[in-house]
Every structure is written in structure tokens, then in C-alpha cells.
Amino acid sequence: MVVAVQVINLSPTQVLNGDVPEQVWTGKEVAYKYFRVFGCRAFAHVPKDERSKLDNKSRECIFLSHGDEKFGYKLYDPMQKKIVRSRDVKFIEDQNITSVKYKAVAQDHNDDLVDWNLDDELNEWPRIIIQENVDTDLPGNQQENEIVTQINNDIQLPANNEMKDLIFKMEEEMTSLHKNTTYSLVKRVPCKKVLKNKWVYKLKFEKGKTEPRYKARLVVKGFEQKYGVDYDEIFSPVVKMTSIRVILGVVASLNLELQQLDLKTFFLHGDLEEFIHMEQPEGFVMKGKEGLICRLNKSLYGLKQDPRRWYKKFHTFMIDQGFKKTLVDHCVYCKRFNNQSFIILLFYVDDMLLVVDDVKKINTLKSDLSRAFEMKDLGKAKHSWGCKLKETELEDTYGCHMKNTS
Numbered sequence: 001m002v003v004a005v006q007v008i009n010l011s012p013t014q015v016l017n018g019d020v021p022e023q024v025w026t027g028k029e030v031a032y033k034y035f036r037v038f039g040c041r042a043f044a045h046v047p048k049d050e051r052s053k054l055d056n057k058s059r060e061c062i063f064l065s066h067g068d069e070k071f072g073y074k075l076y077d078p079m080q081k082k083i084v085r086s087r088d089v090k091f092i093e094d095q096n097i098t099s100v101k102y103k104a105v106a107q108d109h110n111d112d113l114v115d116w117n118l119d120d121e122l123n124e125w126p127r128i129i130i131q132e133n134v135d136t137d138l139p140g141n142q143q144e145n146e147i148v149t150q151i152n153n154d155i156q157l158p159a160n161n162e163m164k165d166l167i168f169k170m171e172e173e174m175t176s177l178h179k180n181t182t183y184s185l186v187k188r189v190p191c192k193k194v195l196k197n198k199w200v201y202k203l204k205f206e207k208g209k210t211e212p213r214y215k216a217r218l219v220v221k222g223f224e225q226k227y228g229v230d231y232d233e234i235f236s237p238v239v240k241m242t243s244i245r246v247i248l249g250v251v252a253s254l255n256l257e258l259q260q261l262d263l264k265t266f267f268l269h270g271d272l273e274e275f276i277h278m279e280q281p282e283g284f285v286m287k288g289k290e291g292l293i294c295r296l297n298k299s300l301y302g303l304k305q306d307p308r309r310w311y312k313k314f315h316t317f318m319i320d321q322g323f324k325k326t327l328v329d330h331c332v333y334c335k336r337f338n339n340q341s342f343i344i345l346l347f348y349v350d351d352m353l354l355v356v357d358d359v360k361k362i363n364t365l366k367s368d369l370s371r372a373f374e375m376k377d378l379g380k381a382k383h384s385w386g387c388k389l390k391e392t393e394l395e396d397t398y399g400c401h402m403k404n405t406s
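Here full-length UniProt numbering is used: the first residue of the sequence shown is 1, the next is one more, and so on.
What follows is the structure in C-alpha cells.
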């Protein structure tokens, strides 16, 4: 851990526009002369008072962490099984030592060994995203429950007419991406990694409907991204359950209005700060421009920084609307008007709860949100974040029933 922290502090970072954190902090030039390869082979000098005339003058060790002129390098002596420090060390950075000798597996146990390649096994199974028909509400969409699974022999691939529906949904997705200017076609840049993408299909089962509907989504293969180059910070907060309970108590005691909103294609609204290149979507390569690639202008599903970019986008919007973020929960926003009326907004990725004492104020906020983002008004809140919300017959009481998701 120490070595990892030292490497980060002494390496240029995109957050500081290519500057080195330690140099910015101390204002001094960074010295790299103490840098060594972690875990490499090292020979530490043994002082005279610790050895006899016939003993070796050095001991073979494993390098653990960097030191300085005062404390020396931190090493591990596998023979004595202890940590040692030394200023006088000879490093062989292209070698490491193995302190454990593994015995060969007995021949009579070979029958229990299986040479199994997980990647090869998975590649034999076509992938599809299907819907499990259960009464479960999850954050992000209360009308459906979606799971990712491997297709098996009991599940049939879409028929010809269903395939037409999938193609139509793919065209619909591409139209949405072009409308949102998600990417631009540019020339391929040498030495710049180009991410791949794939189409993911979903079957959506909605309450009250017998026939499922298909949806296609273009997903970039974010696992190919490199930290510090293609992304940096990825953390994005969500509203705390404690905040939800407190707000529901306020709603019940003050007889306030509680409504719910759902944002569509929310990740596509996040603005990227990194230069990320992607191959053209399969099946939608521009004719005459096959040699070009996509430069992402906005976030796309699958990128590691998607949640954080979306949160920053929404946070900026709320601040521009005059809202203030609470100190105890960064996903709770409040705004007070001159007539002492107020709006409280609870935010969980793409799902929102609005608390207000004046319906006109909430309609104004909905209009502003609709102009900035594609939004679905769910009206009075009934299901949210795994809870079934219901006004009870008792006065000043609001019920929050947790649904079983097992």
C-alpha cells in the first residue's frame, strides 16, 4: 500500500493537468532516484557488528518500499522471516525471488484436476438480457425488474418478426445518440486506445401487460479503460435510507405533497472530460467513412466514469436552479422561497422524490427538468427504491413498506 501511494503521489495526474501531486504540495522538484521495482530481488549489506568473518557481507531480500537517506529501504528477509532496513542495497530489478517451493501434484490426484477455461466456456453461450417476472421494485425504474443472465437451451432466440423489433429498437437507440450528439466521427489517432462496444438487448415485462417489449442499448466495453488515462474518479453518491425515512416523517407531519420523477437515458447527459475513442457501432458503420472512429462527447453506457459524470451534471443543474445541497447527504437538495414555501428533492441516480408544500412550485421544477433532461412524470409516489409508499388511514402517518427482493 505504501508503494502504491508513493507511486500515485510521484506520478503526473490528469486531475492536476499533468502535474505531480507531491511537487504541487511541497513546491519542490521530485527526486526519482529512490524508485525501485516492487518485489524485486535485492541484496542488503550486513554491518560488521551483525556478522562474523566467515558470514556473507550481504543478505538476499525482497524489496518492499522506498526509503530515504535517513531510514533506508524497507526489505523482507525470507530466510530470517523478518523486515529489515538498509541504506546500502544492491537491486536486481528485472528479477524476483521465490521463497516457497511448490511440490508437484501426485500422479494419483490428476483425475481430480480439470483444465477449464472460463472465457472459452462463456463464449459458447450467446448472451441476452432477460426479465424475471417477479414483483420487485429496484432503484431506477419501478415498473420493471431486469436481470442479466446467460441464455440456456430452454430459451429460444427471437423469431424473425421479433428480430425486426430488435432492429427497430437499435435504430431508435442510434437516433437518440445522434440527437444527443453523443459522439463525433474523427480520424484514428496513433497510439490512442480505441474502445470496443456491443449491443445489449433486454426483454421488459411491465405490470398489467402480457406481452414483453424489447429494448436495445449500445454499451461501450469500459473494462478496456485504463485508469489515469481514460478515467480518474468514478465515485457517485446516492441518497441515504436515513434521509428517506426522515423526509417521509416530515411529509406525514406537515401533510406535504410527495411526487416522483424518472429520468430517461440519464447517463447520456453526462459531459466527458477525457478524450475517449470508440469503434463505430456494429451494423451502423457510416458508408464511405469506415476508417473513422467515434470520439465520445458525452457519457455512454458502460464507461467507468458514467455515474460520477451524471451526478456532476445534475448537481450543476440543481445549483443553477437555486437549490442547495445538504451537508449530511449530498443527494438531498433544498430550496426555500420568499413566501417560506420550499421544495426538497431526493436523488438516486435517475429516480427522484419531490417534497413540496405548494403544487405550483413543483410544476415549475418539473418543467425546468423536462427542458434539460428527458423525464417521465410518475405523479404521486407509490414505489421507490425498494419501498412501497402508502398513506395510511391514521392521521399524520406515512407508511414505507420494504419489499422482499430475495
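Heads up, the beta-carbon is just placed ideally off N, CA and C, and yes, glycines get one too. None of the values given here were measured: they were computed from a predicted structure.
Taken in chain order, the whole beta strand (DSSP E) runs of length 3 or more contained in the region 3-44 number zero.
Listed in chain order, the beta strand (DSSP E) elements of length 3 or more contained wholly in the UniProt domain "Retroviral polymerase SH3-like" (40-97) are 41-45, 58-65, 73-77, 82-86 and 89-92. Spatial neighbours of VAL24 in its own chain (CB-CB distance under 7 Å, excluding positions within 5 residues in sequence) are listed in chain order as LEU16.
Pairing ILE244 with ASN197, the inter-Cα distance amounts to about 37 Å.
For the 7 Å CB-CB criterion, PHE347 and TRP310 do not form a contact. Secondary structure note for LEU248: its alpha helix (DSSP H) is the uninterrupted segment 241-254. In the structure shown, the three-state DSSP call for GLU173 is helix.
For LEU292, no alpha helix (DSSP H) run applies, since DSSP gives it neither H nor E.
Between VAL220 and LEU195, the gap from beta carbon to beta carbon is short of 7 Å. Straight-line measurement puts the Cα of LYS226 at about 15 Å from the Cα of SER11.
Inter-segment contact for the region 295-314 and the region 233-243 is present: three or more beta-carbon pairs are separated by less than 8 Å. Per DSSP, reduced to three states, the secondary structure at SER370 is helical. Nearest in C-alpha terms to LYS287, of all of LYS312, ASP165, LEU185 and ASP357, is LEU185.
Relative to the Cα of LYS187, the nearest Cα in the group TYR214, PHE63, GLY322 and ILE293 belongs to ILE293. According to the DSSP assignment, ARG188 belongs to no alpha helix (DSSP H), since it is labelled neither H nor E.
ILE167 sits in a helix when the DSSP states are folded into three classes. In this structure, the CA atom of GLY72 is about 56 Å from the CA atom of ASN180. Beta-bridge partners assigned by DSSP to LEU345: TYR333 and LEU354. At the C-beta level, GLU257 and VAL332 stay beyond 7 Å of one another. Distances from the alpha-carbon of HIS269 to those of THR326, VAL229, LYS298 and VAL250 put LYS298 closest. Annotated three-state conformation of ASN197 is strand, per DSSP.
About 6 Å separates the beta carbon of LEU365 from that of ILE343, a gap short enough to meet the 8 Å contact definition.
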